[in-house]
Amino acid sequence: MAQPAAWPDDPVSLDVHAAPAPEYGSGSLADLLPTLAAGQGVPGLAQSIPELTPADRNCVFLIDGLGWEQIRSHPEEAPYLTSLLGTSRGGTGTPITAGFPATTATSLASVGTGLPPGVHGLPGYTVRNPETGELMNQLRWKPWTAPNVWQPYPTVFQLADRAGVHTAQVSSPAFEQTPLTKVALSGGTFHGRLTGEERMDFAAEQLAAGDRSLVYTYYSEVDGKGHRFGIDSDAWRGQLMYVDRLVERLADRLPPRTALYVTADHGMVDVPFGEESRIDFDEDWELRAGVALLGGEGRARHVYAVPGAENDVLAVWREVLGEQFWVASRDEAIDAGWFGPRIDERVYGRIGDVVAAAHDDVVVIASTGEPNESAMVGMHGSMTPAEQLVPLLEVRS
3 MAQPAAWPDD PVSLDVHAAP APEYGSGSLA DLLPTLAAGQ GVPGLAQSIP ELTPADRNCV
63 FLIDGLGWEQ IRSHPEEAPY LTSLLGTSRG GTGTPITAGF PATTATSLAS VGTGLPPGVH
123 GLPGYTVRNP ETGELMNQLR WKPWTAPNVW QPYPTVFQLA DRAGVHTAQV SSPAFEQTPL
183 TKVALSGGTF HGRLTGEERM DFAAEQLAAG DRSLVYTYYS EVDGKGHRFG IDSDAWRGQL
243 MYVDRLVERL ADRLPPRTAL YVTADHGMVD VPFGEESRID FDEDWELRAG VALLGGEGRA
303 RHVYAVPGAE NDVLAVWREV LGEQFWVASR DEAIDAGWFG PRIDERVYGR IGDVVAAAHD
363 DVVVIASTGE PNESAMVGMH GSMTPAEQLV PLLEVRS
């Protein structure tokens, strides 16, 4: 068996402030719906992505897990999406950023509320609830927490609906009553449709139902196949081919005066199996020392220390992981802008005492505490281009 490369005598930790923080305020997922709705005359919102031109009818098709780099790397499987790369971000041919961490619960909340994670308050896959001291899974909403207390701000869909814009979400029926949908995507009318083709056709109908329309639709299985089999698998490529056809189907059915935007909540990387790439928190006494709770996910960890051990935990995590992860204290991560330009008081304690974001193709798994997540092939969460950059492809009718 090959031996791991020797560490230098004086390892230097990655500079936290050199991490490529998301483009909050000008080119992130949180800026998309406010920009579109402001262009439709919804009051109180700003056109934050200056490259976009207003349209009477706007449709956002979010493909879970389909990052910018994944499209660029697969022109044969995604010919239609590839043909649209030059339209991204208002014809500049450039991506936008997801936000940190680059994970579904955080990104969907950013999309729907138009707010960065430090304000909407879903700053990770699992985070500590300061009121109870328990880890809260914000994707599955376990343990139960009052949704409107956890995320009290109105969604852009609600603001648009109040302003007279015809507003609709078209997604899987399974998502209609979930707390995440309620706090991030509610407003107007939810329409459950089982197949991708049904969603595309009904989204087009909903766009035509108003002189001003704001419609959101979603597809999840690119992400699902990536987690299970990896983005270098035939199963994943098959899903990419399928969504390529879905986007073209929707584009062909757009009513007049419509702008369709195709985006994603994050990209993905395949992480090799092996001790060098999968560092097991549950088997590493150094990383466990002084840690009360391990939150987040493999590539974007929130680490909650035993009271009084915060500095020691930071020092150890930085010593063990600092060449492969950006390892920051809570205040350093906030100061570096990872969660946005401001942090609501209710959100501050949800962020880890230590925040670790992967730079290399490595993860911190928890084989006992998180067996399912630890077995995934494809992962995401951090600020690398493969995870952070997402498309903003545009079709107009």
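Under our numbering, think of the first position of the sequence shown as 3, with each following residue one higher. Just so it is clear, CB atoms sit at the ideal spot from N, CA and C, and this is done for glycine as well. Predicted, not measured: the structure shown is a model, and the values here were computed from it.
Point to revise | Reduced DSSP secondary structure (H/G/I, E/B, other) of tyrosine 244 | key: In the structure shown, tyrosine 244 falls within a helical segment according to DSSP collapsed to helix, strand and coil.
Practice item. Can you tell me which of the three DSSP states phenylalanine 275 falls into? Key: Looking at phenylalanine 275 - three-state DSSP - the assignment turns out to be coil, as it is neither helix nor strand.
Check your understanding: Based on Cα-Cα distance, which residue from Thr183, Glu389, Asp346 lies nearest to proline 125?
Key -> Asp346
Review point. Is it true that the CB of valine 315 sits closer than 8 Å to the CB of valine 293?
Key: Taking 8 Å as the Cβ cut-off, valine 293 and valine 315 qualify as a contacting pair.
Exercise for review: Give me the Cα-Cα distance between glycine 190 and tryptophan 287, rounded to the nearest whole angstrom.
Suggested key: For the pair glycine 190 and tryptophan 287, the Cα-to-Cα distance works out to about 50 Å.
Check your understanding: Measuring CB to CB, does glycine 371 end up less than 8 Å from arginine 130?
Key -> Not in contact: glycine 371 and arginine 130 (Cβ atoms no closer than 8 Å).
Practice item. Taking only runs that begin and end inside the stretch 165-242, name each unbroken beta strand (DSSP E) of 3 or more residues, in chain order. Key: 168-173, 191-194, 215-221
**Study point:** When Gly88, Gly92, Glu178, Tyr82 are compared against serine 28, the one with the closest alpha-carbon
**Key:** Gly92
Practice item. Could you tell me the distance, in whole angstroms, from the CA atom of histidine 19 to the CA atom of glutamate 312? Key: 20 Å
Check your understanding: Quick one: is serine 376 buried, meaning 16 or more other Cβ sit within 10 Å of its Cβ, or exposed?
Key -> buried
**Study point:** Cα-Cα separation between proline 6 and leucine 248, rounded to whole angstroms
**Key:** Per-residue confidence for proline 6 stands at a pLDDT of 37, beneath the threshold of 50, marking its modelled position as unreliable; no derived number is given.
**Study point:** Assigned secondary structure, glycine 114 (DSSP; H/G/I helix, E/B strand, else coil)
**Key:** helix
Exercise for review: Report the option in Ala360, Val158, Arg290, Pro149 whose CA atom is closest to the CA atom of alanine 21.
Suggested key: The option with the nearest alpha carbon to alanine 21 is Ala360.
Practice item. Could you have a look at serine 2 and say whether DSSP puts it in helix, strand or coil? Key: Residue 2 cannot be examined here, being either before or after the span of the chain that is shown, 3 to 399.
Review point. Ordered along the chain, which non-local residues of its own chain (more than five positions away) have a Cβ less than 6 Å from that of methionine 381?
Key: Val273, Gly300, Arg301, Val365
Check your understanding: For the alpha helix (DSSP H) that contains threonine 84, what are its first and last residues?
Key -> 81-85
Check your understanding: Quick one, which of His168, Arg195, Tyr220 has its alpha-carbon nearest glutamine 208's?
Key -> His168
Exercise for review: Please state whether DSSP places glutamate 299 in a helix, a strand or coil.
Suggested key: strand
Review point. Does the beta-carbon distance from alanine 162 to alanine 39 come in below 8 Å?
Key: yes
Review point. Nearest-angstrom Cα distance between serine 30 and threonine 84?
Key: 21 Å
Check your understanding: On the three-state DSSP scale, how would you describe phenylalanine 102?
Key -> It is coil, neither helix nor strand.
**Study point:** Buried versus exposed, by CB contacts within 10 Å (16 or more), phenylalanine 159
**Key:** buried
Practice item. Check phenylalanine 63 in the structure and name its three-state DSSP category. Key: strand
**Study point:** Given 8 Å, three or more beta-carbon pairs between the stretch 102-109 and the stretch 256-275
**Key:** Result yes; three or more Cβ-Cβ pairs closer than 8 Å.
Point to revise | Local conformation of glutamate 133 per DSSP, three classes | key: coil
Exercise for review: Quick one: residues in its chain with C-beta nearer than 8 Å to the C-beta of tyrosine 155, no 5 flanking neighbours on either side, listed in chain order?
Suggested key: Thr115, Leu117, Val121, His122
Point to revise | Range covered by the beta strand (DSSP E) that runs through alanine 23 | key: Element bounds for alanine 23: n/a, residue is neither H nor E.
Review point. Taking C-beta to C-beta, are leucine 196 and proline 175 nearer than 8 Å?
Key: yes
Practice item. Could you pull the start and end residues of the beta strand (DSSP E) that aspartate 33 belongs to? Key: Run containing aspartate 33: none; DSSP gives neither H nor E here.
Exercise for review: Classify alanine 148 as buried or exposed, calling it buried when 16 or more other Cβ atoms lie within 10 Å of its own Cβ.
Suggested key: exposed
Exercise for review: Give a yes or no on whether the C-beta atoms belonging to alanine 104 and glutamate 389 are separated by under 8 Å.
Suggested key: yes
Practice item. Leaving out five residues on either side along the sequence, give the residues of the same chain with a beta carbon under 7 Å from the beta carbon of alanine 170. Key: The beta carbon of alanine 170 lies closer than 7 Å to those of Gly190, Thr191, His193, Gln208, Val217 in the same chain, with the five residues before and after it left out.
Check your understanding: Under 8 Å, do arginine 398 and serine 215 count as touching if we go by C-beta distance?
Key -> no
Point to revise | Delimiting residues of the alpha helix (DSSP H) encompassing glutamate 334 | key: Per DSSP, the unbroken alpha helix (DSSP H) holding glutamate 334 starts and ends at 332-337.
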